[in-house]
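Residue numbers (my numbering), protein chains in the order written: chain D, 32 to 231; chain G, 32 to 231; chain X, 32 to 231; chain E, 32 to 231.
Backbone N, C-alpha and C fix where the C-beta goes; we use that ideal spot for every residue, glycine too.
A short write-up of the structure that comes next.
Protein chains: 4
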Amino acid sequence: MKAAERIKEQKREAILRQAQEQFATHGFEKVSVSEIAAGAHVSPATIYNHFGTKDNLAREVIRQLLLSLLQRYRGIVESELPFPEKLVAIVFDKAEIAGQYRGELLRTAYEGNQEMRELVDNLWRTEFNRLTEDLFEQGKRQGHVNRDTSHEALLLYLDIVRKGIFASSAELSATAAHSSLIRELNFLILYGLLGKEPGR
Amino acid sequence: MKAAERIKEQKREAILRQAQEQFATHGFEKVSVSEIAAGAHVSPATIYNHFGTKDNLAREVIRQLLLSLLQRYRGIVESELPFPEKLVAIVFDKAEIAGQYRGELLRTAYEGNQEMRELVDNLWRTEFNRLTEDLFEQGKRQGHVNRDTSHEALLLYLDIVRKGIFASSAELSATAAHSSLIRELNFLILYGLLGKEPGR
Amino acid sequence: MKAAERIKEQKREAILRQAQEQFATHGFEKVSVSEIAAGAHVSPATIYNHFGTKDNLAREVIRQLLLSLLQRYRGIVESELPFPEKLVAIVFDKAEIAGQYRGELLRTAYEGNQEMRELVDNLWRTEFNRLTEDLFEQGKRQGHVNRDTSHEALLLYLDIVRKGIFASSAELSATAAHSSLIRELNFLILYGLLGKEPGR
Amino acid sequence: MKAAERIKEQKREAILRQAQEQFATHGFEKVSVSEIAAGAHVSPATIYNHFGTKDNLAREVIRQLLLSLLQRYRGIVESELPFPEKLVAIVFDKAEIAGQYRGELLRTAYEGNQEMRELVDNLWRTEFNRLTEDLFEQGKRQGHVNRDTSHEALLLYLDIVRKGIFASSAELSATAAHSSLIRELNFLILYGLLGKEPGR
DNA sequence: AATGAATGAGGGTTCATTCAT
DNA sequence: GATGAATGAACCCTCATTCAT
Numbered sequence: 032m033k034a035a036e037r038i039k040e041q042k043r044e045a046i047l048r049q050a051q052e053q054f055a056t057h058g059f060e061k062v063s064v065s066e067i068a069a070g071a072h073v074s075p076a077t078i079y080n081h082f083g084t085k086d087n088l089a090r091e092v093i094r095q096l097l098l099s100l101l102q103r104y105r106g107i108v109e110s111e112l113p114f115p116e117k118l119v120a121i122v123f124d125k126a127e128i129a130g131q132y133r134g135e136l137l138r139t140a141y142e143g144n145q146e147m148r149e150l151v152d153n154l155w156r157t158e159f160n161r162l163t164e165d166l167f168e169q170g171k172r173q174g175h176v177n178r179d180t181s182h183e184a185l186l187l188y189l190d191i192v193r194k195g196i197f198a199s200s201a202e203l204s205a206t207a208a209h210s211s212l213i214r215e216l217n218f219l220i221l222y223g224l225l226g227k228e229p230g231r
Numbered sequence: 032m033k034a035a036e037r038i039k040e041q042k043r044e045a046i047l048r049q050a051q052e053q054f055a056t057h058g059f060e061k062v063s064v065s066e067i068a069a070g071a072h073v074s075p076a077t078i079y080n081h082f083g084t085k086d087n088l089a090r091e092v093i094r095q096l097l098l099s100l101l102q103r104y105r106g107i108v109e110s111e112l113p114f115p116e117k118l119v120a121i122v123f124d125k126a127e128i129a130g131q132y133r134g135e136l137l138r139t140a141y142e143g144n145q146e147m148r149e150l151v152d153n154l155w156r157t158e159f160n161r162l163t164e165d166l167f168e169q170g171k172r173q174g175h176v177n178r179d180t181s182h183e184a185l186l187l188y189l190d191i192v193r194k195g196i197f198a199s200s201a202e203l204s205a206t207a208a209h210s211s212l213i214r215e216l217n218f219l220i221l222y223g224l225l226g227k228e229p230g231r
Numbered sequence: 032m033k034a035a036e037r038i039k040e041q042k043r044e045a046i047l048r049q050a051q052e053q054f055a056t057h058g059f060e061k062v063s064v065s066e067i068a069a070g071a072h073v074s075p076a077t078i079y080n081h082f083g084t085k086d087n088l089a090r091e092v093i094r095q096l097l098l099s100l101l102q103r104y105r106g107i108v109e110s111e112l113p114f115p116e117k118l119v120a121i122v123f124d125k126a127e128i129a130g131q132y133r134g135e136l137l138r139t140a141y142e143g144n145q146e147m148r149e150l151v152d153n154l155w156r157t158e159f160n161r162l163t164e165d166l167f168e169q170g171k172r173q174g175h176v177n178r179d180t181s182h183e184a185l186l187l188y189l190d191i192v193r194k195g196i197f198a199s200s201a202e203l204s205a206t207a208a209h210s211s212l213i214r215e216l217n218f219l220i221l222y223g224l225l226g227k228e229p230g231r
Numbered sequence: 032m033k034a035a036e037r038i039k040e041q042k043r044e045a046i047l048r049q050a051q052e053q054f055a056t057h058g059f060e061k062v063s064v065s066e067i068a069a070g071a072h073v074s075p076a077t078i079y080n081h082f083g084t085k086d087n088l089a090r091e092v093i094r095q096l097l098l099s100l101l102q103r104y105r106g107i108v109e110s111e112l113p114f115p116e117k118l119v120a121i122v123f124d125k126a127e128i129a130g131q132y133r134g135e136l137l138r139t140a141y142e143g144n145q146e147m148r149e150l151v152d153n154l155w156r157t158e159f160n161r162l163t164e165d166l167f168e169q170g171k172r173q174g175h176v177n178r179d180t181s182h183e184a185l186l187l188y189l190d191i192v193r194k195g196i197f198a199s200s201a202e203l204s205a206t207a208a209h210s211s212l213i214r215e216l217n218f219l220i221l222y223g224l225l226g227k228e229p230g231r
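Below is the structure:
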């Protein structure tokens, strides 16, 4: 019995891995269940036994993604890094790039399903935001961040930059070698278009 | 004969208008050619006479979008606004929000077609970038922008922030009323997370 | 244009004929749209262009059946036949046998669709019943039918016998040759199990 | 070992009970083997171990049904009721209503299987008919039934009325309260549309 | 040049059935 | 003997695309 369960679990994960990969590469609509099945060396019917619906499969992929994202995020926020480096780490966290397609996927999953909405709301609007507030509290306490700036605005800016980086990830990875460009980009994110580095 | 040509042109534009609208609202995959045809009071076959392919239609929609975008952009860059306001105008240009779905559309169009790729590359990487360089040259000349920062990095940052704002446009429009939040966001974009406004 | 419309109408009718035939022979669930399509020398997609849904197709089949049934029925009731022969004609009307499967089909169509329900209710409970009442009024006036028997009961009995004959049509047609058996059956329907023919 | 066999028998019967119930409620095609399995707290594979095929299961259900029907029928025929009441009891025997769906089931089972055909033929055309002949012999001996009417015709009429009542069972149960209607219906079955009750 | 009808290819999904455990 | 997992085949349906008119 143990062996059978292990095999089942392996298939389930193969399916999830394939789905995650293909959705990320080609988008939810462009990937057929048969393709995922083929990629996971499994019959389409097996996918339905496991997840019931293509939509459900997508939701499960998102759930896993969000959870792993949260874990990485918490790891960074609670690490011993200096505050500015935490910011940079968060903004560039490669794992997030896997979430590039979250926009599209989330819309599909989020709009179609009450349960999913609750999961995302709970996770994102509670856990993520709480962690981010902790982070900026640190930043303010250590004098890096302007005390007058509201948490709301900080959160929004961080989110925008992250999303923009996902959306640009193709170009970014193309120029990844130009580490000097990345350094400059970091600088712009931290000090803005018009800002000047304190010490300069 | 003039009349016949005018009618033909009107149909073509009705199709493009419908396509642009529906793609933006429901996404490329979710809109069928028949739906566009119905919306434009035209037979599906007519769409094929004009554009040959659904993908081609999408490409034409994008082409128009890019061209109009470029025009608006040029308008802002060559306007008489003070430099920081130009930046803000560009970043928030509402028209861009109409292009929110470009991500999805572009993928479809860009990946599938050599010609399209060339168009986008020419337009974006040439025209847009040249305009943006002009802009930052202004900024540097007027002392707003650090001379040491490369144009490449400035372009990238600007692009990231714009894309991030598209991706967040739902949340943004929800909180549009909170103009104080928007003001703070502007500040963060211009002066960064750690920066301090010169005069403060 | 006329030719095209004629061809379309021919295809539509070929589909309906095939559907009616196959549904009657094998039942709604056992017949696939592809089979009907093959039988009508048409692509499955064409069936969907014409009827939208397998259920809808079934509904259309029923609608036609009911309407033709009503017409035959009216023909009999309003004919010049003597009253007892009208009864026999109605009970045995061969066309009704085509409706053998109405039970199953009707359930599917009736339960699933408001519009259908209204059609059936209107046709059956209004037209059919009115005609039947006319019929029995004749019978009572001519002294054939007991004035004390309610129309409701007469209707019900007639319906039961008709449905029973559909259900037994296989056996009946097997013994159709035995016209003496049929004559006896007529007698039983008219005078019952215990009844005695007036003149005997 | 006795215990093991008893358990096996219990499962078999649970499966049959579930199958009978679900087939009667939703029809053969609409019920999946998995649903029956779930209802009987058993794995689908167990059903296949016991019955080999969904069709086989249906046949077994029918076999049981026919046998129990036969028993009830024999009970009525051999009872001490007066003849006319026996007729009424048979015609309205509620158990038959459970067989309402026999039409559909029988078609599936009967058409698909030689063995089944033989069973039904044996049971129905032998046992049932013999009992019915006994019944009408009683009726004739007691002077209720016309001696000139052939057994064949009496059998056929009885069958027709019974089948018609199944087919109308929905409407009948709807008006079940109107016992006066039922009384009238009985009268019509016994004395026909044109007949007159002897004593009246 | 425009159309309406027709279709091939493919998509999501279900289910009777099998098989290793 | 019983099971849960897996699957092949089929089903209903959609849609980009073509073609006769």
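Neighbourhood of residue i by C-beta distance below 7 Å, restricted to the same chain and skipping five residues each side
i        : result
X/Glu164 : His182
X/Gly130 : The pLDDT assigned to X/Gly130 is 49, lower than 50, so where the model puts this residue is not dependable; a value taken from the coordinates is nonetheless given after this. If we look at X/Gly130 and ignore the five residues flanking it on each side, its Cβ neighbours are Leu96, Leu100 and Phe197.
E/Gln169 : Phe114
E/Glu158 : Leu101
G/Ala120 : Ile107 and Leu112
Exposure label - residue i; buried when at least 16 CB within 10 Å
i        : result
X/Leu97  : buried
G/Asn153 : exposed
G/Thr180 : buried
D/Gly174 : exposed
D/Gly58  : buried
G/Gln102 : exposed
X/Leu166 : buried
X/Pro49  : Per the sequence presented here, residue 49 of chain X reads as Gln, with Pro not at that position. Looking at its Cβ environment, which holds 16 or more other Cβ atoms inside 10 Å, X/Gln49 is buried.
D/Ala184 : buried
D/Arg172 : exposed
Contact belief for residue i with residue j at Cβ below 8 Å, rounded distance in angstroms
i        : j        : result
D/Gly195 : G/Gly195 : 3 Å
D/Tyr222 : G/Leu216 : Not quite, the Cβ-Cβ distance comes to about 16 Å (not below 8 Å), so this is no contact.
G/Ser199 : D/Ile38  : About 43 Å; that fails the 8 Å criterion.
Beta-carbon neighbours of residue i, restricted to chain X and to distances below 7 Å
i        : result
E/Arg156 : Ordered by position in chain X, no residue passes the 7 Å Cβ test against E/Arg156, which lies about 10 Å from the chain.
Residue i (DSSP reduced to helix, strand or coil)
i        : result
D/Leu98  : helix
G/Phe159 : helix
E/Ala50  : helix
D/Phe123 : helix
X/Val176 : coil
D/Phe218 : helix
G/Pro113 : coil
E/Ala198 : helix
G/Glu84  : Here the sequence assigns Thr to residue 84 of chain G, which means Glu is not the residue at that position. The answer is coil: DSSP assigns G/Thr84 none of H, G, I, E or B.
E/Ile93  : helix
E/Phe59  : coil
X/Ala34  : helix
E/Ser74  : coil
Neighbourhood of residue i by C-beta distance below 6 Å, restricted to the same chain and skipping five residues each side
i        : result
D/Leu219 : none
D/Leu186 : Thr163
G/Arg231 : Note on G/Arg231: pLDDT 40, under 50, position unreliable in the model; the coordinate value appears next. Counting only Cβ-Cβ distances below 6 Å, and skipping sequence neighbours, we find nothing.
Proximal residues of chain D, C-beta to C-beta of residue i below 9 Å
i        : result
G/Asp190 : Gly195, Ala198, Ser199 and Glu202
G/Glu164 : Within 9 Å Cβ-Cβ: nothing; G/Glu164 doesn't reach chain D, min ~14 Å.
Where residue i meets chain D, residues with beta-carbon distance less than 8 Å
i       : result
G/Leu97 : Result: empty, since nearest Cβ-Cβ is about 16 Å, beyond 8 Å.
Close Cβ partners of residue i (< 8 Å) along its chain, the five nearest in sequence each way excluded
i       : result
E/Ile46 : Ile67, Ala68, Ala71, Val73, Thr77, Ile78, His81, Phe82 and Leu88
Per-residue contacts from residue i into chain E (C-beta, under 9 Å)
i       : result
X/Ala34 : Result: empty, since nearest Cβ-Cβ is about 41 Å, beyond 9 Å.
Partners in chain X for residue i, counting only beta-carbon separations shorter than 8 Å
i        : result
E/Thr84  : Simply none; closest approach about 16 Å.
E/Thr180 : Glu215, Phe218 and Leu219
Chain E residues whose Cβ lies nearer than 7 Å to that of residue i
i        : result
X/Ala184 : Leu212, Glu215, Leu216 and Leu219
Contacts that residue i makes with chain G (C-beta to C-beta distance below 8 Å)
i       : result
D/Tyr79 : By Cβ distance, chain G contributes nothing, its closest Cβ being about 21 Å from D/Tyr79, past 8 Å.
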